[in-house]
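Colleague: Residue numbers (the working numbering): 349 to 1308. Beta carbons: idealized from backbone N, C-alpha and C, even for Gly. What you are looking at is a predicted structure, and each value in this text was computed from that prediction instead of being measured. Provided herewith is a single structure, encoded as structure tokens, for subsequent inquiry.
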């Protein structure tokens, strides 16, 4: 569905209030405008109380760069986003992958920014950063403490205006390998990974900009040259094709001055014209299929519809929700509830040039798994919709969900900046919240039926079957479509003659009236304020801890129950998760569908779940609907049906999911590593999803008994983050006071096995495009200020940051992987150290050698003084980003509650960060990183790996 949802009037006053502040100089926006003559104020929006919208000011530089400013003083941070209106849709036949490849190139340094310096500077400043590419745009964004804004603008301007001099053949080849690794990890080595790229070839006509994958075809990536990349950049990455959006706590006049200084003299690029939005049609239903290393057969159906912003987009969104938008949908009723499908859903994803109504279902093999039968059920469900029609509740629940979704998106500065940047890029209007509100509020029943008749009823569709290897008999129908192979374009970009001359002649080095090689200094560090906490105890002993957050009218309530997976017998592993799943179903008062309908009409979410050491209930609600939401929580918690129909269906789904996970290399690595560390006689060594044997052994009586044991007030604690204060919240929780506090005996941790170190344990995954490498051991349990915390600091330069030794070596220097890392993790009972990466199959042995080399060197020599300084700056300054959203605040509160920490434990951590000595950290490395005490696990193709691994010096042992 479209993410530009409506924003409720109830929060507009809060959002507006966050922005009604003067510049620190006290000067007006007019004075700010005059201070930067090259910047023109185009428009500004300050919604009045009761109006809908995000406050902003929009400017434009003489070179065409659009600048949007959004003030939010609630936290001492800024979020900077540069969105270029170019994605894979601007590529040519046979030249796919350029936009995404360039996303990678933009992090490799520019004329005045050294190699790897981009990551280092932002990380050291305490910030986070990333870039993303889709069909229609590429964006780069950073969230940093507010005193780092100038540095971010300097970095973004340098790669916008001065990237070409820094592009070398060596950098290009390295990033091409990195992209290939990313493709191997995210596409080729993932179950169903190639579905979208194959499906889009069938849905879109030959040569359509959406008919090739964003990440690119392998042959196209191999065909690319450094010169191609330079031409693509020059064609599309000019300031006149970009939007710079700044949100957060900053001085507006100073920000405009910096924007003018760093961006104004970057020359305008070639003219960029909008692409045609021609509606896609199919002449007949197209069937395609593929075999994959999967367990569950999948059918994926698409109907071409409109494009983003089209008048029919909103009613099509509502149609998708009615057909397959959750437990009240027709797909759930006819496919999932009846056991024919393990999962089924309908969505209406929209892009700039085209949308599609997409329908999918994962077949249940125990019911035959034939996709032809699922296709008939899907067709019947579509026909049933026509007879059923649209109800008032259908319209109401979707509109409420849009409202809630928007409010929760607006909890972060990054969410608001992303909304402003996207709307400006695609529609020329930063704030479309009021228009979206009107679009969805004005949808009628007749509109939904009209779009159904126009785009779906009796219309051709694209149908893709993905079946297990050797399961061709399961496909929906014989293939009747083969995509055409077009001749590759001669160049990476296509230009008119005059533009081509400009492009090829644009080699003059840009001159600035200041020294761009000077890194801007940070301003005065912002003052960090941790959330103020309140506490209360309910009459039955449940501890409640909370904090008030005034930015949005929302509530995050989390109920934690000690136990979880660890409370269940190992022979019944998976019981905690299956019990939680049962609590997400029917009550003794209402069906699953009726409860889901009630929540949808409130825009609320209630989710029961479990982890290794806890069961939990997560509740998200608009404040205005909290009382009604809590009534549903109480109904589900105190009056669950726990009936046989729900049990049999959910147990079957869990068994099928376990078989599906057996094709996921990361799942295999996680489970194999846990078994090596803890053995299979304790819950720590067995997945919380269980095994085929353990889940098969679970009975309904087991679930009922586990519910009685686990869901006791004696082991329950609550965390609340809301715009309500304590006095307003506590009376609303009185219903939980009747919860019985039956004592729960927590099991003791079983004796842990001797670690099988000094070996390479190999799990065979034939034909795997990548190998998953795990190296680690049991380590320190969690503590907030002791050796565990210091081990986190010690590991940071080794594998805890992007520019750590391990990642720079394996990704940036060698090109073996998309990412490599190491970390210490743990709870109050146990902990572990793990270094890991997914690497190309052909370099698995070489990658393992580099891992071993890095760990040994760090253990023997420790970090350098420069690395310690980097770690201290990065971690200390990142605290400005820690408490922005209600979810982040809830995590902070839960840490204090779970581990009985002092309210000021972060201040103590800050003191340790600043004072810990290099000698102390390196002694910790010497004791904690002894490679001889670690075990090695690799998941990959044994046939391809045996020869690579045999001479490394470790015996190889096969593992199931």
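#1: Where does the unbroken alpha helix (DSSP H) through residue 910 begin, and where does it stop?
#2: Below 8 angstroms on the Cβ atoms is my guess for residue 934 versus residue 989; work out the distance and round it to an integer in Å.
#3: Within the same chain, show all residues whose beta-carbon is closer than 6 angstroms to that of residue 1287, passing over the 5 residues directly before and after it, in chain order.
#4: Given a threshold of 16 other Cβ atoms within 10 Å of its Cβ, counted over all protein chains shown, does residue 1299 qualify as buried or as exposed?
#5: Are at least three pairs of beta-carbons, each pair with one atom in the region 721-741 and one in the region 785-802, less than 8 angstroms apart?
#6: Short of 6 angstroms in beta carbon distance, which residues of its chain neighbour residue 1085, apart from the five on each side in sequence? Order them along the chain.
#7: Hey, could you find the ends of the alpha helix (DSSP H) residue 292 is sitting in?
#8: Whether or not the region 525-537 and the region 421-428 are in contact is what I'm after, with contact meaning three or more pairs of Cβ atoms, one per stretch, closer than 8 angstroms; do they touch?
#9: Tell me which residue opens and which closes the alpha helix (DSSP H) that residue 995 is part of.
#10: Would you say residue 468 reaches chain B, if we count a Cβ-Cβ gap shorter than 7 angstroms as a contact?
#11: Relative to the C-alpha of residue 1178, which residue among 1156, 699, 1130 is closest?
#12: If you draw a straight line from the C-alpha of residue 1123 to the C-alpha of residue 1263, how long is it?
#13: Does the separation of the CB atoms of residue 1265 and residue 874 fall below 7 angstroms?
#14: Hey, how far is the Cα of residue 1205 from the Cα of residue 665?
#15: Given residue 892, which residues of its chain have a CB within under 6 angstroms of its CB, disregarding the five upstream and five downstream residues?
#16: Tell me which same chain residues have a C-beta within less than 6 angstroms of the C-beta of residue 903, skipping the five on either side of it?
#17: Please report the distance separating the alpha-carbon of residue 1259 from that of residue 1133.
#18: Do the CB positions of residue 448 and residue 562 come within less than 7 angstroms of each other?
#19: Would you mind listing the beta strand (DSSP E) stretches within the region 1139-1198 that are 3+ residues and don't spill past its ends, in chain order?
#20: Can you give me the C-alpha to C-alpha distance between residue 484 and residue 1102, rounded to a whole angstrom?
#21: Using the rule of at least 16 other Cβ atoms within 10 Å of the residue's Cβ for burial, across every protein chain shown, is residue 956 buried or exposed?
#22: Does DSSP put residue 972 in a helix, in a strand, or in coil?
#23: Does the beta-carbon distance from residue 415 to residue 407 come in below 7 angstroms?
#24: Does the distance from the CB of residue 1060 to the CB of residue 533 come in under 7 angstroms?
#25: Any idea which residues DSSP pairs residue 1118 with across the strands?
#26: Quick one, which of 638, 1225, 444 has its alpha-carbon nearest residue 818's?
#27: Rounded to the nearest angstrom, what separates residue 559 and residue 1253 at their Cα positions?
#28: What span of residues does the alpha helix (DSSP H) with residue 788 cover, start to end?
#29: Would you list, in sequence order, the uninterrupted alpha helix (DSSP H) runs of no fewer than 4 residues that lie entirely inside the region 898-968?
#30: Whose C-beta lies closer than 6 angstroms to the C-beta of residue 507 among residues of the same chain, with five residues either side of it excluded?
#31: Is it right to say residue 599 is buried, meaning 16 or more other beta carbons lie within 10 angstroms of its own, or is it exposed?
#32: From 878, 900, 500, pick the residue whose C-alpha is nearest to that of residue 1228; which is it?
#33: Which residue or residues does DSSP assign as beta-bridge partners of residue 896?
#34: So, helix, strand or coil for residue 443, using DSSP?
#35: Taking only the alpha-carbon atoms, compute the straight-line gap between residue 1164 and residue 1063 and give it to the nearest angstrom.
#36: For residue 1021, I'd like the list of residues in its chain whose CB is within less than 6 angstroms of its CB, leaving aside the five on either flank, ordered along the chain.
Modeller: Looking at the atomic coordinates:
#1: No alpha helix (DSSP H) holds residue 910; the beta strand (DSSP E) holding it covers 902-910.
#2: Rounded, the Cβ-Cβ distance is 4 angstroms, consistent with contact.
#3: Cβ neighbours of residue 1287 beyond the five flanking positions: 1013, 1016, 1017, 1111, 1113, 1120.
#4: Exposed.
#5: Between the region 721-741 and the region 785-802, the count of Cβ pairs shorter than 8 angstroms is three or higher; the stretches touch.
#6: In chain order, 886, 887, 888 place their CB closer than 6 angstroms to the CB of residue 1085, counting only its own chain and leaving out the 5 sequence neighbours on each side.
#7: With the chain represented from 349 up to 1308, any question about residue 292 goes unanswered, as that position is not in the structure.
#8: No, the region 421-428 is not in contact with the region 525-537.
#9: From DSSP, the alpha helix (DSSP H) with residue 995 extends over 992-1009.
#10: Among the chains in the structure shown there is no chain B, since it carries only a single protein chain.
#11: That would be 1130, whose Cα lies nearest to the Cα of residue 1178.
#12: Residue 1123 and residue 1263: Cα-Cα distance of roughly 30 angstroms.
#13: Pairing residue 1265 with residue 874 gives a Cβ-Cβ distance that is not under 7 angstroms.
#14: For residue 1205 and residue 665, the distance between alpha carbons rounds to 56 angstroms.
#15: Within the same chain, and ignoring the five residues on either side of residue 892 in sequence, the residues whose Cβ sits closer than 6 angstroms to its Cβ are 884, 1066.
#16: Closer than 6 angstroms at Cβ, skipping near neighbours: 969, 971, 974, 1070.
#17: Straight-line Cα distance between these residues: approximately 10 angstroms.
#18: Contact: yes.
#19: The qualifying runs are 1165-1174, 1179-1188.
#20: Going from the Cα of residue 484 to the Cα of residue 1102 covers about 53 angstroms.
#21: Here residue 956 is buried: its Cβ has 16 or more other Cβ atoms, across all protein chains shown, within 10 Å.
#22: In this structure, residue 972 counts as helix in the three-state DSSP scheme.
#23: Cβ atoms of residue 415 and residue 407: closer than 7 angstroms.
#24: Against a cut-off of 7 angstroms, the Cβ pair of residue 533 and residue 1060 comes out as no contact.
#25: According to the DSSP secondary-structure assignment, residue 1118 is paired through a beta bridge with 1188.
#26: When only C-alpha atoms are compared, the closest one is 638.
#27: Going from the Cα of residue 559 to the Cα of residue 1253 covers about 53 angstroms.
#28: Run containing residue 788: 781-789, per the alpha helix (DSSP H) assignment.
#29: Given a length threshold of 4 residues, each whole run of the alpha helix (DSSP H) inside the region 898-968 is given here in chain order: 923-931, 940-950.
#30: Around residue 507: 454, 458.
#31: Burial call: buried.
#32: When 878, 900, 500 are compared, the shortest CA-CA separation from residue 1228 is found for 878.
#33: Under DSSP, residue 896 shares a beta bridge with 1070.
#34: Correct three-state label for residue 443: coil.
#35: Approximately 46 angstroms, taken between the alpha carbons.
#36: Residues of the same chain with a CB within less than 6 angstroms of the CB of residue 1021, apart from the 5 flanking positions on each side, are 1122, 1285 in chain order.
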